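Its first residue numbered 0, the sequence shown is counted upward by one per residue in numbering that gives the first Met the number 0. Glycine included, each C-beta is placed from N, C-alpha and C at the ideal position. As the structure is a computational prediction, the values presented were derived from the model and not from experiment. Just below is one structure, and these are the notes that go with it.
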Amino acid sequence: MLRVIVRSKRDADAVKAVIRKFYQGWGLNVETLKGARSIDKAMEILEKYKHSSEFIIVILGREDREIASTLESQTPLNFIIHTIPFAKVRNMRIEQLFHELELAKSKIRLTVTWDSIRKVFILQRGGIPLEDLKFNPAFDVFFGLGEKTKAYLSTIIGGRIGLNPLLVREFGGLHKVYCGPRKTGILRIPDEGIEPWGEKFTNEVYDVELSKLIESNSHVLKLYESVSLKFLKRFRDWADTVIIPWSGGKDSTAALLLALKVFGSKKVTAIYANTGLEFPWTLEYVEKVTKLLNVKVYTVYVGLNEELRRGRSLPTHSNRWCTGLKINAIEKAVNELAQGNTLVVIGDRDAESERRGRRPLAKFIASDRLIVAPIKLWSAAHVQLYLTLNNIPLNPLYTIGFYRIGCYICPALRSWEVYLMMRDSELVNSLISQPFYRDFINLRKSKNKELTF
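Next up, the structure:
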């Protein structure tokens with residue numbers, strides 16, 4: 000899935016040292032440009048990778064920045080060209096080189112530009128750079144899809160927002176909002192409380208049609224799909240059983256779709272863990288997509304609602320007792336379903352958390368059980384458009400602005416999601432009679448009073 004290329008053998012040795020320390024189990028290949036100093040020689044060596052179904056990260060020192068600039072304009076979309084701030088790659092300390100490799104890797108998911116002709120975002124280089132867009136291993140990009148998302152964003156930011164804006168999730172709840180090449184505004188989303196807030200910077204906004212987004216990015220999405228499918232096909236002969244833990248969220252749905260394309264519905268089983276406190280929309284979505292994909296679904300009941308009825312307090316950031324119960328239920332289901340060599344396909348992505356970012360692409364947890372993450376290098380935007388391209392509907396929670404989906408008392412729901420849970424009439428009507436919904440909202444309201452802005 001991922002290959003790193005540097006100029007010389009000594010540079011390669013430095014990268015291999017980083018891999019030994021930070022990327023065990025990733026299966027990263029490191030190759031060289033055989034010391035090439037000319038663009039013609041470098042292009043000749045890179046020619047064989049132009050049509051490969053893998054991402055090629057070329058890391059060059061500052062002294063080769065002219066070659067790097069030319070490579071960026073002449074190599075295809077599966078190439079990431081990254082120049083470090085040192086003259087040579089081998090001059091960097093191991094921790095510094097690790098950071099540069101992480102930066103380069105983040106470009107796979109964070110590269111977005113603006114097509115000024117079609118008035119649409121493209122998930123590739125070559126268009127107009129977005130104002131103040133930065134690369135960072137912790138950042139993610141996603142689209143605020145639909146009219147409702149547009150309306151809620153407009154209310155919070157304080158002015159008209161275009162249809163289907165691009166949002167860049169950065170640190171501390173900061174989200175940059177783009178409705179064109181200029182930064183339209185910012186959205187601040189505290190983890191606690193109920194009150195997101197924002198600010199608008201420009202009135203130059205464009206409505207971006209979803210059909211144009213899909214059409215303009217279909218070649219990019221097919222590239223990312225081909226990389227992930229090639230990765231999964233490595234395990235086709237090995238796997239007797241294929242299991243996908245499925246939450247009804249976009250990432251696990253994309254992982255499920257990819258697994259079905261490689262292994263087929265006879266070999267694939269999805270595990271859905273019903274916590275007892277699921278969004279009603281998610282339950283309906285899982286049922287709908289189950290029929291659409293014709294996939295076997297093994298449902299397990301976690302019983303968080305029963306725990307609360309017995310007097311347990313609502314989960315919080317500091318006491319997420321619910322997570323262990325859900326993981327245990329899924330692991331028990333995997334053990335019940337596992338036959339022979341068992342491949343567990345998960346929807347983990349690097350941008351979700353530092354902990355997930357450190358996990359390898361594939362990891363054996365037993366000699367006959369392997370966990371793989373085929374969309375690990377994707378952004379949320381890639382996932383959103385990929386499902387839409389394949390005529391798989393998104394969970395309706397995403398169409399009102401949700402970024403991440405869990406149960407409706409999840410402490411990981413940020414102030415933005417809670418804001419939507421209190422204001423979207425259709426969502427409120429679906430939740431108002433659900434157990435512990437009011438308790439959760441009241442808890443978040445009380446936390447809101449403790450916050451200082």
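Run of the alpha helix (DSSP H) containing residue i, from where it starts to where it stops
i	result
residue 463	With the chain running from 0 to 452 in the structure shown, residue 463 is simply not present.
residue 286	279 to 292
residue 125	Looking at the DSSP string, residue 125 is not in any alpha helix (DSSP H), and its letter there is neither H nor E.
residue 269	Per DSSP, residue 269 belongs to no alpha helix (DSSP H); it is in the beta strand (DSSP E), 267 to 273.
residue 250	249 to 262
residue 116	It is not in any alpha helix (DSSP H) - residue 116 carries neither H nor E in the DSSP assignment.
residue 212	209 to 232
residue 419	414 to 422
residue 456	Because the chain spans 0 through 452 in this model, residue 456 falls outside it and cannot be assessed.
residue 322	320 to 336
Rounded separation between residue i and residue j - CA only
i	j	result
residue 38	residue 177	35 Å
residue 70	residue 55	12 Å
residue 186	residue 144	15 Å
residue 4	residue 304	51 Å
residue 83	residue 169	22 Å
residue 27	residue 431	49 Å
residue 286	residue 162	29 Å
residue 33	residue 57	13 Å
residue 246	residue 252	8 Å
residue 158	residue 392	29 Å
residue 344	residue 297	15 Å
residue 146	residue 315	32 Å
residue 10	residue 89	5 Å
residue 410	residue 308	18 Å
residue 195	residue 152	10 Å
residue 293	residue 264	7 Å
residue 61	residue 97	17 Å
residue 408	residue 446	14 Å
residue 81	residue 63	11 Å
Neighbourhood of residue i by C-beta, 7 Å cutoff - its chain only, sequence neighbours within 5 removed
i	result
residue 347	355, 358, 372 and 375
residue 452	At residue 452, the pLDDT of 37 sits below 50, so the modelled position is not reliable; the number obtained from the coordinates is stated separately. Nothing meets the Cβ criterion.
residue 213	384, 387 and 388
residue 66	38, 41 and 59
residue 232	261
residue 438	313
Terminal residues of the beta strand (DSSP E) in which residue i lies
i	result
residue 244	240 to 244
residue 200	It is not in any beta strand (DSSP E) - residue 200 carries neither H nor E in the DSSP assignment.
residue 431	Looking at the DSSP string, residue 431 is not in any beta strand (DSSP E), and its letter there is neither H nor E.
Of the listed residues the options, nearest to residue i (C-alpha basis)
i	options	result
residue 224	418, 53 and 14	53
residue 99	45, 21 and 250	21
residue 150	79, 400, 412 and 442	400
residue 249	370, 265, 284 and 231	284
residue 13	279, 87 and 293	87
residue 474	63, 25 and 74	Lying before the first or after the last residue shown, residue 474 is absent from the chain, which here runs from 0 to 452.
residue 226	136, 77 and 127	77
residue 114	129, 104, 101 and 107	129
residue 123	242, 107 and 397	107
residue 362	342, 265, 349 and 35	342
residue 281	380, 379, 396 and 171	396
residue 101	328, 137 and 315	137
residue 276	45, 192, 434 and 112	434
residue 179	200, 118, 148 and 134	118
residue 299	2, 323, 316 and 329	329
residue 237	416, 64, 436 and 366	366
residue 336	190, 278, 271 and 288	271
residue 17	8, 68 and 95	95
residue 203	442, 219 and 160	160
residue 413	6, 429 and 440	440
Contacting residues, own chain, Cβ-Cβ under 8 Å from residue i (five flanking each side not counted)
i	result
residue 311	320
9 Å Cβ cutoff, residue i in contact with chain D
i	result
residue 276	As a matter of chain content, chain D is missing from the structure shown, which is built from one protein chain.
- Query: Can you list the beta strand (DSSP E) stretches of 3 or more residues lying completely in the stretch 355 to 412, in chain order?
  - Reply: 361 to 365 and 368 to 371
- Uninterrupted alpha helix (DSSP H) stretches inside the stretch 2 to 74 (no shorter than 4 residues): 8 to 21, 38 to 45 and 64 to 73
- Message: So within the stretch 162 to 193, which uninterrupted beta strand (DSSP E) runs reach at least 3 residues, ignoring any that extend past its ends?
- Response: Within the stretch 162 to 193, the complete beta strand (DSSP E) runs of at least 3 residues are 165 to 168, 173 to 177 and 182 to 187.
- Query: What runs of the alpha helix (DSSP H), each 4 residues or longer, lie entirely inside the stretch 89 to 113?
  - Reply: 93 to 109
- Where are the beta strand (DSSP E) runs, 3 residues long or more, that stay fully inside the stretch 127 to 157, in chain order? 139 to 142
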